[in-house]
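Working notes for the structure below.
2 protein chains.
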Amino acid sequence: MKEIFGSPGGSLAAKVRTLAPSMTRSMQRVAEAVANDPAGCAALTVTGLAELTGTSEATVVRTARLLGYPGYRDLRLALAGLAAQQQSGRAPAITTDIAVDDPIADVVTKLAYEEQQTLADTAAGLDTVQLGAAVTALAGARRTDVYGIGASGLVAQDLTQKLLRIGLIAHAHSDPHLAVTNAVQLRSGDVAIAITHSGSTGDVIEPLRVAFEHGATTVAITGRPDSSVTQYADHVLTTSTSRESELRPAAMSSRTSQLLVVDCLFVGVAQRTYESAAPALAASYEALAHRHRSISR
Amino acid sequence: MKEIFGSPGGSLAAKVRTLAPSMTRSMQRVAEAVANDPAGCAALTVTGLAELTGTSEATVVRTARLLGYPGYRDLRLALAGLAAQQQSGRAPAITTDIAVDDPIADVVTKLAYEEQQTLADTAAGLDTVQLGAAVTALAGARRTDVYGIGASGLVAQDLTQKLLRIGLIAHAHSDPHLAVTNAVQLRSGDVAIAITHSGSTGDVIEPLRVAFEHGATTVAITGRPDSSVTQYADHVLTTSTSRESELRPAAMSSRTSQLLVVDCLFVGVAQRTYESAAPALAASYEALAHRHRSISR
DNA sequence: GTCACTCATGAAAGATATTTTCGGTTCGGC
DNA sequence: GCCGAACCGAAAATATCTTTCATGAGTGAC
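In the order they appear, the protein sequences are chains A and B.
For the first sequence, our numbering gives the first residue as 798, with consecutive numbering after it.
For the second sequence, our numbering gives the first residue as 798, with consecutive numbering after it.
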């Protein structure tokens, strides 16, 4: 009932009130029903509404006319619109954390909302200068190594898959020893990327340090721009840290955040290397399409 | 500016995109018209819309059915509601695709926006009944196998990592042969999950089929609810399909969508098994914290 | 290339909903 | 009590929606 201000809902209720005196008793009953429950009435046919109000179809149509619509059909459409607005007007109010006894539908809503929030935060907090620098380095790199462990390891693989698709040479490492072994090979012109939410995952910092000391351009994707990993990073890309709850560990939002950063890197690189990236993308798409078709059906 | 959440048009536009592949040409024309101009179409009768799209009434009705409404009448009402919402919502809507010469800052904004859109669409289109059923199956499973290839493989691993964290037995398979070999071991009470955007990735369908035939409860996470993979799936969870562009391949949004679904599954299971999940989560957090502290500094 | 077959499609018949017509009814005035 | 005017709803008329069915285009098999 906060429809007071200029909304069509108010407009209709007001119209009903204004016109009520000039209505006959039967019409008033119809108008009242419509004003009280637009959504419900929108679901009814003329006959239905006539029965509900204990009147006839003719009366319903007459009422619709009086309210300014050509006929009941149009009133009904307007009602549907009204109902939808009222529906959406209700504040989502997703302030609370996910609780153990939340119904599954709420879980979906809350998770989606929180991840959207994370994305917005990340986009807002991302330093485009650093991002641009990282993109430039990647676009010109002889080879790229990406380090990530656990959930961040998957992000590392995601980035690697994408870069490979546009013809770049990239490797993801989740084994710390192999990572270091490979980092030794890096030199100026190569790129090393460390992905760690905490910024203090030793297994990821170590290879980045080695790469850094061998002259590679190093990038850190972390939620903690002041953490140890950044001291070996030429460019730091900050992911957002959202409040976590018991049922929604930080890993979830950091993953979302990291993926957005990684996507930005990828698209940035694809732009810079468009000449070679576009055909490569098309080619890999072709190859996949064939593979799908062949087995399906 | 509050369009971030469950964008009004989004739900229907998303449904159109999801179902478009399974539509015939004529139906696609109708669906497109409806998605592009809900308000305008709401003002038309079946005949009118049929003429506008150069098709017949029958086709319009068929399209309405496919979109989940009993008939055109109801679709029309829904359209009216949508139109009203859009009217009041006034979405800013970043319409343009990412271009080759977009500055990096725009890339960030657009990517974040599109992924938010994807999340909203996914949440809107997710069948909570199916989701609940899948959660129940997972919570009571002796063991769970997850199949995914390429980008979907990473999602499969993500799910597996999470389930392991709360003490469930889960494996991710990206090798088709090993997947089938393992699927043979599954039996009633076990769960098999296939993740594939296209729904026609043979390498993922095959192990699901085997699992299905051995009596396991099977779940498909796909963007094509009418594809081959669903015929072996007890429960189908639909991910959203957003329009793709050259620089933003479908894989990007499907991954976002799949991850949301996977997160929902995880949280759902964590709720059901809270007694054991909570300590397990805490324990794994403890273990990690230690690992971070020890090497960082 | 040809044949058989499936499936998409629209024309038209059929069903439903809406609008109009029209006659009965009520109510107030005389 | 009689008259007239407005109200009202039943039912006819119309518009709209839904279903059926025949046709033709496309597709795969031979």
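A virtual CB, placed ideally from N, CA and C, is assigned to each residue, including glycine.
Q. Which residue's Cα is closest to the Cα of ILE963/B: THR941/B, THR893/B, ALA1048/B, ALA980/B?
A. For the purposes of this step, residue 963/B is taken as residue 166 along the second sequence, with counting starting at 1. Selected option, being the one with the closest Cα: THR941/B.
| task | Output the distance between the C-alpha atoms of PRO835/B and ALA909/A, rounded to the nearest integer angstrom. | result | Within the second sequence, numbered from 1, the residue matching residue 835/B stands at position 38. Within the first sequence, numbered from 1, the residue matching residue 909/A stands at position 112. So the two alpha carbons sit approximately 25 Å from each other.
Item checked: Beta-carbon separation (whole angstroms), THR919/B vs THR1036/B, contact threshold 8 Å -> By 1-based counting over the second sequence, the position of residue 919/B is 122. By 1-based counting over the second sequence, the position of residue 1036/B is 239. Going by Cβ atoms, the distance from THR919/B to THR1036/B rounds to 6 Å, so yes, they are a contact pair.
Any idea if PRO1022/B is buried or exposed, counting beta-carbon neighbours within 10 angstroms, 16 or more meaning buried?
Taking the first residue of the second sequence as 1, we reach residue 1022/B at position 225. By the neighbour-count rule (16 or more Cβ atoms within 10 Å), PRO1022/B is buried.
Where LEU1034/B sits in the DSSP three-state scheme:
For this step, residue 1034/B is matched to residue 237 along the second sequence. LEU1034/B falls in the strand class under three-state DSSP.
| request: Use the C-beta contact count for GLU1003/A: other C-beta atoms within 10 angstroms, 16 or more gives buried, fewer gives exposed. | output: Counted from its first residue, the first sequence places residue 1003/A at position 206. GLU1003/A counts as buried, since no fewer than 16 other beta carbons sit within 10 angstroms of its beta carbon.
### Member of VAL981/B, VAL977/B, VAL988/B, GLN1055/B whose CA lies at the smallest distance from the CA of GLY996/B
In the second sequence, residue 996/B corresponds to position 199, counting from 1. Sorting VAL981/B, VAL977/B, VAL988/B, GLN1055/B by C-alpha distance to the C-alpha of GLY996/B places GLN1055/B at the top.
Buried or exposed, going by whether 16 or more other CB atoms sit within 10 Å of the CB of ALA814/A? Taking the first residue of the first sequence as 1, we reach residue 814/A at position 17. Note on residue identity: the sequence assigns Arg, not Ala, to residue 814/A. Counting Cβ neighbours within 10 Å, ARG814/A comes out exposed, since fewer than 16 surround it.
**Study point:** Beta carbon proximity, ILE990/A to chain B, threshold 7 Å
**Key:** The residue you call residue 990/A lines up with position 193 of the first sequence. Under the 7 Å criterion on CB atoms, ILE990/A is classed as non-interfacial with respect to chain B.
Discussion item. At the level of alpha carbons, what is the spacing between THR842/B and SER853/A?
Written reply: Here residue 842/B is taken as the residue at index 45 of the second sequence, counted from 1. Here residue 853/A is taken as the residue at index 56 of the first sequence, counted from 1. Whole-angstrom Cα-Cα distance: 25 Å.
| task | Compare the C-beta of ASP1060/B against all C-beta atoms of chain A and say whether one is closer than 7 Å. | result | To locate residue 1060/B, count along the second sequence from 1; it is residue 263. Output row for ASP1060/B: interface = yes.
(request) Tell me whether THR844/B sits in a helix, a strand or coil according to DSSP, three-state version. (result) Here the question's residue 844/B lines up with position 47 in the second sequence. DSSP, read as helix, strand or coil, puts THR844/B in helix.
Practice prompt. Compute the Euclidean distance between the alpha carbons of ASP924/B and LEU1034/B, then round it to the nearest angstrom.
Written response: For the purposes of this step, residue 924/B is taken as residue 127 along the second sequence, with counting starting at 1. For the purposes of this step, residue 1034/B is taken as residue 237 along the second sequence, with counting starting at 1. Pairing ASP924/B with LEU1034/B, the inter-Cα distance amounts to about 7 Å.
**OP:** Check the Cβ of GLY1065/B against every Cβ in chain A and list those closer than 8 Å, keeping chain order.
**Re:** On the second sequence, residue 1065/B is found 268 positions in, with the first residue counted as 1. For GLY1065/B, the chain A residues whose C-beta falls within less than 8 Å of its own C-beta are ILE901, VAL904, listed in chain order.
message: I'd like to know whether the C-beta of GLY806/A is nearer than 7 Å to at least one C-beta of chain B.
response: For this step, residue 806/A is matched to residue 9 along the first sequence. Note that GLY806/A scores a pLDDT of 48, beneath 50, so its modelled location is shaky and nothing firm can be said.
With three or more C-beta pairs closer than 8 Å as the rule, is the stretch 939-957 of chain B touching the stretch 1051-1067 of chain B? These segments touch.
Contact between the stretch 1009-1020 of chain B and the stretch 981-994 of chain B (3+ Cβ pairs under 8 Å): Yes: the two stretches touch, three or more of their Cβ pairs being nearer than 8 Å.
Subject >> Per-residue burial, THR978/B [other beta carbons within 10 Å of its own, 16 or more giving buried] >> reply: One-based indexing of the second sequence puts residue 978/B at position 181. With fewer than 16 other CB atoms across the displayed protein chains lying within 10 angstroms of its CB, THR978/B is exposed.
Problem set entry | Where MET820/B meets chain A, residues with beta-carbon distance less than 7 Å | By 1-based counting over the second sequence, the position of residue 820/B is 23. Neighbours of MET820/B on chain A: none; closest Cβ ~18 Å, over 7 Å.
Query raised in the report: Buried or exposed: which applies to VAL926/A, given that a residue is buried once 16 or more other Cβ atoms fall within 10 Å of its Cβ?
Result: Walking along the first sequence from the start, residue 926/A turns up at place 129. It counts as exposed.
- Would you say LEU960/B reaches chain A, if we count a Cβ-Cβ gap shorter than 7 Å as a contact? Locating residue 960/B in the second sequence gives position 163, counting from the first residue. By the rule that beta-carbons nearer than 7 Å mark a contact, LEU960/B does not touch chain A.
(Q) So if DSSP puts TYR944/B in a beta bridge, which residue, or which two residues, is it bridged to? (A) One-based indexing of the second sequence puts residue 944/B at position 147. DSSP lists HIS970/B, ALA991/B as partners of TYR944/B.
- Do ALA938/B and ALA980/B have their C-beta atoms within less than 7 Å of each other? Here residue 938/B is taken as the residue at index 141 of the second sequence, counted from 1. Here residue 980/B is taken as the residue at index 183 of the second sequence, counted from 1. The answer is no: Cβ separation not under 7 Å.
- prompt: Is LYS799/A close to chain B, meaning its C-beta is less than 7 Å from at least one C-beta of that chain?
  reply: Residue numbering aside, residue 799/A sits at position 2 when the first sequence is read from its first letter. Confidence in LYS799/A is poor, its pLDDT being 40 and thus under 50, which makes the residue's placement unreliable; the coordinate value appears in the next sentence. Chain B, which has no Cβ nearer than 7 Å to the Cβ of LYS799/A, makes this no.
So what's ILE1002/A in DSSP terms, helix, strand or just coil? Residue 1002/A sits at position 205 when you count from the first residue of the first sequence. The answer is helix: DSSP assigns ILE1002/A an H, G or I state.
### Query
Any idea if SER1073/B is buried or exposed, counting beta-carbon neighbours within 10 angstroms, 16 or more meaning buried?
Mapped onto the second sequence, residue 1073/B falls at position 276. It counts as exposed.
Starting from the beta carbon of VAL831/A, find every residue of chain B whose beta carbon is closer than 8 Å, and list them in chain order.
The count along the first sequence starts at 1 and reaches residue 831/A at position 34. Within chain B, not a single residue places a beta-carbon under 8 Å from that of VAL831/A; the smallest gap is close to 15 Å.
**Item:** Rounded separation between ILE901/B and ALA810/A - CA only
**Value:** Position 104 of the second sequence, counted from the first residue, corresponds to residue 901/B. Position 13 of the first sequence, counted from the first residue, corresponds to residue 810/A. In this structure, the straight-line span from the alpha carbon of ILE901/B to that of ALA810/A is close to 50 Å.
On the criterion of 16 or more Cβ atoms from any shown chain inside 10 Å, does ASP1060/B qualify as buried, or is it exposed? Here the question's residue 1060/B lines up with position 263 in the second sequence. When all chains shown are included, ASP1060/B counts as buried.
### Task
To the nearest angstrom, report how far apart GLY868/A and LYS959/A are at their CA atoms.
Locating residue 868/A in the first sequence gives position 71, counting from the first residue. Locating residue 959/A in the first sequence gives position 162, counting from the first residue. One C-alpha to the other measures close to 57 Å.
Inter-residue CB distance, ALA1039/B and GLN914/B (contact presumed, cutoff 8 Å): The residue given as residue 1039/B occupies position 242 in the second sequence. The residue given as residue 914/B occupies position 117 in the second sequence. In the sequence as presented, Ala is not what sits at residue 1039/B; that position holds Ser. Beta-carbon to beta-carbon, SER1039/B and GLN914/B are separated by about 6 Å, close enough to satisfy the 8 Å threshold.
Q. Taking Cβ to Cβ, would you say GLY945/A is nearer than 7 Å to ALA953/A?
A. Numbered from its first residue, the first sequence carries residue 945/A at position 148. Numbered from its first residue, the first sequence carries residue 953/A at position 156. Yes. Within cutoff.
Item to complete: Give every residue of the same chain whose Cβ lies closer than 6 Å to the Cβ of VAL831/B, excluding the five residues on either side of it in the sequence, and list them in chain order.
Response: As a first step, residue 831/B must be located in the second sequence, where it is residue number 34. Setting aside the 5 residues that flank it on each side, VAL831/B is surrounded in the same chain by CYS838, each with a C-beta closer than 6 Å to its C-beta; the list follows chain order.
### Query
Name the DSSP beta bridge partners of VAL790/B, please?
Because residue 790/B is not part of the residues shown, which for chain B are 798 to 1094, the question remains open.
Cα-Cα separation between THR1019/B and LYS812/A, rounded to whole angstroms: Against the second sequence, residue 1019/B aligns to sequence position 222. Against the first sequence, residue 812/A aligns to sequence position 15. Spanning the two alpha carbons is a distance of roughly 49 Å.
Discussion item. Report the CB separation of THR957/A from ALA969/A in whole angstroms; it is logged as a contact under 8 Å.
Written reply: Position 160 of the first sequence holds residue 957/A. Position 172 of the first sequence holds residue 969/A. Confirmed, about 4 Å.
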